[in-house]
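Undergrad:
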Amino acid sequence: MIKKIKLINLMGLKCPLPVLKIAKKIKEIKKGDIIEVKVDDPKAESDINELTKQIKIKIIKKIKHNNFMLFEIEKN
2 MIKKIKLINL MGLKCPLPVL KIAKKIKEIK KGDIIEVKVD DPKAESDINE
52 LTKQIKIKII KKIKHNNFML FEIEKN
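Each number in this note's numbering corresponds to the 1-based position in the sequence shown with 1 added.
In C-alpha coordinates form, the structure reads like this:
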(Lines of atoms letter the chains of each structure in order from A and count residues from 1; the text may use other names and numbers.)
(Lines give C-alpha, C1' and ligand atoms only; values in the text may rest on other atoms or scores of the structure.)
Protein backbone atom coordinates (compact mmCIF):
# COMPACT_ATOMS: atom_id res chain seq x y z
CA MET A 1 0.00 0.00 0.00
CA ILE A 2 1.42 3.35 -1.06
CA LYS A 3 1.04 6.11 1.47
CA LYS A 4 1.92 9.77 1.62
CA ILE A 5 3.98 10.82 4.60
CA LYS A 6 3.22 14.19 6.15
CA LEU A 7 5.03 17.35 5.20
CA ILE A 8 8.67 17.66 6.22
CA ASN A 9 9.28 21.35 6.87
CA LEU A 10 12.93 22.19 6.19
CA MET A 11 12.42 25.95 6.03
CA GLY A 12 15.37 27.92 7.37
CA LEU A 13 17.88 25.10 6.89
CA LYS A 14 20.83 25.74 4.60
CA CYS A 15 22.89 23.37 2.47
CA PRO A 16 23.63 20.56 3.13
CA LEU A 17 21.07 20.05 5.93
CA PRO A 18 17.92 19.75 3.77
CA VAL A 19 19.40 16.96 1.64
CA LEU A 20 20.82 15.16 4.66
CA LYS A 21 17.41 15.21 6.38
CA ILE A 22 15.67 14.02 3.18
CA ALA A 23 18.15 11.14 2.81
CA LYS A 24 17.58 10.13 6.44
CA LYS A 25 13.78 10.18 6.04
CA ILE A 26 13.98 8.15 2.81
CA LYS A 27 15.80 5.39 4.73
CA GLU A 28 12.89 5.28 7.21
CA ILE A 29 10.09 4.80 4.66
CA LYS A 30 9.10 1.94 2.36
CA LYS A 31 9.42 1.66 -1.41
CA GLY A 32 6.51 3.50 -3.04
CA ASP A 33 5.97 5.85 -0.10
CA ILE A 34 5.91 9.59 -0.78
CA ILE A 35 7.19 12.46 1.34
CA GLU A 36 6.42 16.14 0.90
CA VAL A 37 9.35 18.46 1.52
CA LYS A 38 9.16 22.24 1.99
CA VAL A 39 12.45 24.15 1.57
CA ASP A 40 13.49 27.78 1.20
CA ASP A 41 17.22 27.40 0.47
CA PRO A 42 17.71 28.30 -3.22
CA LYS A 43 20.47 25.67 -3.51
CA ALA A 44 18.14 22.92 -2.28
CA GLU A 45 16.58 22.39 -5.72
CA SER A 46 19.87 21.43 -7.36
CA ASP A 47 20.91 19.43 -4.29
CA ILE A 48 17.66 17.43 -4.35
CA ASN A 49 18.03 16.82 -8.09
CA GLU A 50 21.55 15.50 -7.44
CA LEU A 51 20.25 13.29 -4.63
CA THR A 52 17.92 11.54 -7.11
CA LYS A 53 21.03 10.32 -8.95
CA GLN A 54 22.63 8.96 -5.77
CA ILE A 55 19.74 7.14 -4.07
CA LYS A 56 16.55 5.52 -5.34
CA ILE A 57 14.10 8.40 -5.25
CA LYS A 58 12.02 10.23 -7.83
CA ILE A 59 10.66 13.76 -7.73
CA ILE A 60 7.01 13.40 -8.70
CA LYS A 61 5.97 17.01 -8.14
CA LYS A 62 7.81 20.30 -7.72
CA ILE A 63 6.03 23.57 -6.99
CA LYS A 64 7.90 26.86 -6.78
CA HIS A 65 6.43 29.66 -4.72
CA ASN A 66 7.87 33.13 -4.16
CA ASN A 67 9.81 32.23 -1.04
CA PHE A 68 9.85 28.41 -0.91
CA MET A 69 9.66 25.21 -2.95
CA LEU A 70 7.52 22.15 -2.29
CA PHE A 71 8.63 18.72 -3.51
CA GLU A 72 6.83 15.39 -3.51
CA ILE A 73 9.46 12.67 -3.48
CA GLU A 74 8.79 8.96 -3.98
CA LYS A 75 11.08 6.18 -2.79
CA ASN A 76 11.76 3.74 -5.65
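Think of the CB as a built atom: it goes at the ideal place given N, C-alpha and C, for glycine as much as any other residue. Computed from a predicted structure; not experimentally measured.
Using a threshold of 8 Å, state whether the C-beta atoms of residue 44 and residue 36 are closer than that.
TA: On the sequence shown, position 43 is the one that residue 44 refers to. On the sequence shown, position 35 is the one that residue 36 refers to. No. Outside cutoff.
Undergrad: What does residue 38 pair with, by DSSP beta-bridge criteria?
TA: The count along the sequence shown starts at 1 and reaches residue 38 at position 37. According to DSSP, residue 38 bridges with 9, 72.
Undergrad: Where residue 47 and residue 62 are concerned, what is the direct C-alpha to C-alpha distance, given to the nearest angstrom?
TA: In the sequence shown, residue 47 corresponds to position 46, counting from 1. In the sequence shown, residue 62 corresponds to position 61, counting from 1. Rounded to the nearest angstrom, the two C-alpha atoms are 15 Å apart.
Undergrad: On the CB-based measure, 16 or more other CB atoms within 10 Å of its CB, does residue 8 come out buried or exposed?
TA: Working through the sequence shown from its first residue, we reach residue 8 at position 7. Residue 8 is exposed by the Cβ-count criterion.
Undergrad: So, residue 14 versus residue 42, is the Cβ gap smaller than 8 Å?
TA: Residue 14 sits at position 13 when you count from the first residue of the sequence shown. Residue 42 sits at position 41 when you count from the first residue of the sequence shown. Yes, Cβ-Cβ distance for residue 14 and residue 42 is below 8 Å.
Undergrad: How big is the Cα-Cα spacing for residue 50 and residue 4?
TA: Counted from its first residue, the sequence shown places residue 50 at position 49. Counted from its first residue, the sequence shown places residue 4 at position 3. Each residue's CA atom was taken as its position, placing residue 50 and residue 4 some 22 Å apart.
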